[in-house]
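The sequence shown lines up with residues 6 to 140 when you count with the numbering used here.
By construction, the Cβ of each residue, glycine as well, lies at the ideal position given by its N, Cα and C atoms.
See below for the structure under consideration.
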Amino acid sequence: MGCKAYGVVDDEAESPFTDVDESSEHYEELASAYNAGIVSGGGDGSFNPDSSVTKEQMSAILANAMTQYDDKQLNEEVRGVLASASDADLISDWADDDIALLIELGVIDGESGAINPKQELSKEEAASILKKIYG
Numbered sequence: 006m007g008c009k010a011y012g013v014v015d016d017e018a019e020s021p022f023t024d025v026d027e028s029s030e031h032y033e034e035l036a037s038a039y040n041a042g043i044v045s046g047g048g049d050g051s052f053n054p055d056s057s058v059t060k061e062q063m064s065a066i067l068a069n070a071m072t073q074y075d076d077k078q079l080n081e082e083v084r085g086v087l088a089s090a091s092d093a094d095l096i097s098d099w100a101d102d103d104i105a106l107l108i109e110l111g112v113i114d115g116e117s118g119a120i121n122p123k124q125e126l127s128k129e130e131a132a133s134i135l136k137k138i139y140g
């Protein structure tokens, strides 16, 4: 999730997620990410730790981390890329700026005509995105 990369792991952090037990292997990192504003969960008190992650969800997590800890900011002109995507109407409102930022940084391909925001990422795809950011 990037918490270790940014040094924001806090062993005192508490998670508000009803579906993540303190005995979970990743509880500390998840609680730290929540407290740092990197993740927010599903809005109903859950995080759904066993579900897959979509491109727009991962974009939100990474953009939150990069804007807070890497001083990355969205260039407003990049929003036009989203409007020209054939599937722009599928991008959730909460993910617009996050996806635009990752396109601007070259992490997500915005040139192919489709963003595929609801695409579930495989471990390989997620690792590829992380490698583009963290080297």
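Own chain residues within Cβ distance below 7 Å of residue i, not counting five before or after
| i | result |
| --- | --- |
| glycine 47 | Asn53 |
| valine 25 | Tyr32, Leu35, Phe52 and Pro54 |
Range covered by the alpha helix (DSSP H) that runs through residue i
| i | result |
| --- | --- |
| valine 25 | Unbroken run through valine 25: none, as it is neither H nor E. |
| serine 117 | Where serine 117 is concerned, there is no enclosing alpha helix (DSSP H), given that its DSSP letter is neither H nor E. |
| aspartate 103 | 101 to 109 |
| glycine 85 | 84 to 89 |
| lysine 77 | It is not in any alpha helix (DSSP H) - lysine 77 carries neither H nor E in the DSSP assignment. |
Spatially closest choice to residue i from the options, by CA coordinates
| i | options | result |
| --- | --- | --- |
| methionine 71 | Asp98, Ala90, Ala132 and Ala41 | Ala41 |
| lysine 128 | Tyr74, Ser97, Lys60 and Ser28 | Lys60 |
| aspartate 101 | Pro122, Lys77, Gly111 and His31 | Pro122 |
| aspartate 16 | His31, Phe22, Ser56 and Ile113 | His31 |
| serine 29 | Asp55, Tyr11 and Gly12 | Asp55 |
| serine 133 | Asp49, Glu19, Ser37 and Met63 | Met63 |
| proline 21 | Gln78, Leu87 and Tyr39 | Tyr39 |
8 Å contact criterion, which residue i and residue j should meet: CB distance rounded
| i | j | result |
| --- | --- | --- |
| valine 58 | glutamate 33 | With 8 Å as the limit, valine 58 and glutamate 33 do not qualify as a contact, their Cβ atoms being about 19 Å apart. |
| valine 83 | isoleucine 66 | That pair is no contact at about 19 Å. |
| aspartate 92 | alanine 119 | 5 Å |
| valine 112 | isoleucine 138 | 6 Å |
Residues near residue i by beta carbon distance below 6 Å, same chain, minus five either side
| i | result |
| --- | --- |
| alanine 68 | Asp103 and Leu106 |
The ligand NAD heavy atom lying under 8 Å from the CB of residue i
| i | result |
| --- | --- |
| aspartate 98 | By its list of ligands, the structure shown contains no ligand whatsoever, and the ligand NAD lies outside what it can speak to. |
Residues near residue i by beta carbon distance below 8 Å, same chain, minus five either side
| i | result |
| --- | --- |
| lysine 136 | none |
| threonine 23 | Gly50 and Ser51 |
- Item | Whole runs of the alpha helix (DSSP H) within the region 47 to 72, excluding any shorter than 4 residues | none
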